[in-house]
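Just so you know, we're using our numbering here: the sequence shown kicks off at 3 and counts up by one.
Each residue gets a CB set at the ideal place from its N, CA and C atoms; glycine is no exception.
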Amino acid sequence: MRALVAGGAGFIGSHLCEFLLDRGIEVLCLDNLVTGSRANVRHLLGRDGFKFLKRDIARLKTIPGSSDVVFNLASPASPRDYLALPLQTLETGATGTRNLLELCRRQRSVFVMASTSEVYGDPTKHPQREDYWGNVNPVGFRSVYDEAKRYAEALTMAYHRTHGLPTRIARIFNTYGPRMKVDDGRVVPNLISQSLAGQPLTIYGSGRQTRSFCYVSDMVEALFRLAGCPDPMPVNLGNPEEFSVLRIARIVRRLTGSKNPFEFRPLPEDDPRRRRPDIARARRLLKWKPRVRLEQGLERTIDWFRAGPA
Ligand code: UDP
3 MRALVAGGAG FIGSHLCEFL LDRGIEVLCL DNLVTGSRAN VRHLLGRDGF
53 KFLKRDIARL KTIPGSSDVV FNLASPASPR DYLALPLQTL ETGATGTRNL
103 LELCRRQRSV FVMASTSEVY GDPTKHPQRE DYWGNVNPVG FRSVYDEAKR
153 YAEALTMAYH RTHGLPTRIA RIFNTYGPRM KVDDGRVVPN LISQSLAGQP
203 LTIYGSGRQT RSFCYVSDMV EALFRLAGCP DPMPVNLGNP EEFSVLRIAR
253 IVRRLTGSKN PFEFRPLPED DPRRRRPDIA RARRLLKWKP RVRLEQGLER
303 TIDWFRAGPA
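Below is the structure:
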């Protein structure tokens, strides 16, 4: 069994590579290292069955060997990154996804698309089920990510319907854990690194907006199970426990022993007000549910940030 993980040197991708190797699956990891990093997979380089290639999926020509399954996790995913890389984000989601789908069509491999809860935009329905079509601003700053992922979903379904390709779509909700970049800009790494550095904790808007955070080990297990599930329609993957940003900030402050004040900043444009996955489909199809509670996952992540990223 051999898997190709595009974006395999990224945060979720590197954990997925490790998860697959631990189950005896050979891994070909592709990454252009724009937001991913070699450090994320350095510990895997000497392992049997692991190979890393620096490649941009939007400029993919040939790939050595064939794979039974292709996971597409290649994309900037932090708002800070995709706002700084608007054209690459669109190109990765569109041309990059198309190149990987073509590869799968030639090899008859399973294709797993890492989509996102951002396809729901600022949702008017709560919690979000897969049959909700979303509330996305098509021309706002976030649209480069949201629309790239929506297009990638449409493309994936078109390959399934036109070529009978075995495809899967994961709608990944907020995920956190070790190997997030210190300067990633997302709320969990920001709050942890600010707490540890003795800086004020930045809260955007009132802090009453909510997110639901899934620990990365739960996420990669779900992605692996999804690869083996023959249903092409989207599946929400995430932890349905919902927290306000203020509440997460208070938990991080307590777990790090920090007394740093909060610093309120303006809410970014189109920042979704509430987000929580309905994971009934994932529970039923994948026989999966998240196991790591927020405090437990935050403790592990804080330990990793304290030790200093590799
Ligand atoms: N956020 C915040 N402080 C920060 C970073 C983010 O209050 O230092 C807020 C952000 O406005 C959003 C939520 O935390 O409402 C989650 O943001 P993140 O960038 O982690 O991911 P998103 O879910 O928006 O893609």
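If you look at residue 206, you'll find it in the beta strand (DSSP E) that goes 203-206. Under the three-state reduction of DSSP, residue 151 is assigned to helix.
Assignment of residue 159 by DSSP, reduced to helix, strand and coil, places it in the helix class. Distance from the C-beta of residue 194 to the nearest heavy atom of the ligand UDP is not below 7 Å. Not one heavy atom of the ligand UDP sits closer than 7 Å to the Cβ of residue 179. An exposed status is given to residue 137, since fewer than 16 other beta-carbon atoms sit within 10 Å of its beta-carbon. Between the ligand UDP and the CB of residue 176, the shortest heavy atom gap is smaller than 7 Å. With distances taken between CA atoms, residue 3 lies nearest to 51 out of 51, 187, 203 and 201. Beta-carbon to beta-carbon, residue 114 and residue 139 are separated by about 28 Å, too far to satisfy the 8 Å threshold.
With a threshold of 7 Å, the Cβ atom of residue 205 counts as near the ligand UDP, since some heavy atom of the ligand is closer than that.
Annotation for residue 70 indicates a beta carbon at 7 Å or more from all heavy atoms of the ligand UDP.
In this structure, the CA atom of residue 176 is about 6 Å from the CA atom of residue 214. Where residue 251 is concerned, there is no enclosing beta strand (DSSP E), although the alpha helix (DSSP H) around it starts and stops at 247-258. For the pair residue 275 and residue 162, the Cα-to-Cα distance works out to about 33 Å. For residue 33, the uninterrupted beta strand (DSSP E) segment begins and ends at 28-33.
Rounded to whole angstroms, the separation of the alpha carbons of residue 191 and residue 86 is 18 Å. Inter-residue distance for residue 88 and residue 145 is about 9 Å (C-alpha atoms, whole angstroms). Excluding sequence positions up to five before and after residue 30, its CB lies within less than 6 Å of the CB of 6 and 53, all in the same chain and listed in chain order.
Below 8 Å, enough C-beta pairs join the region 199-215 and the region 256-267 to call them touching: three or more.
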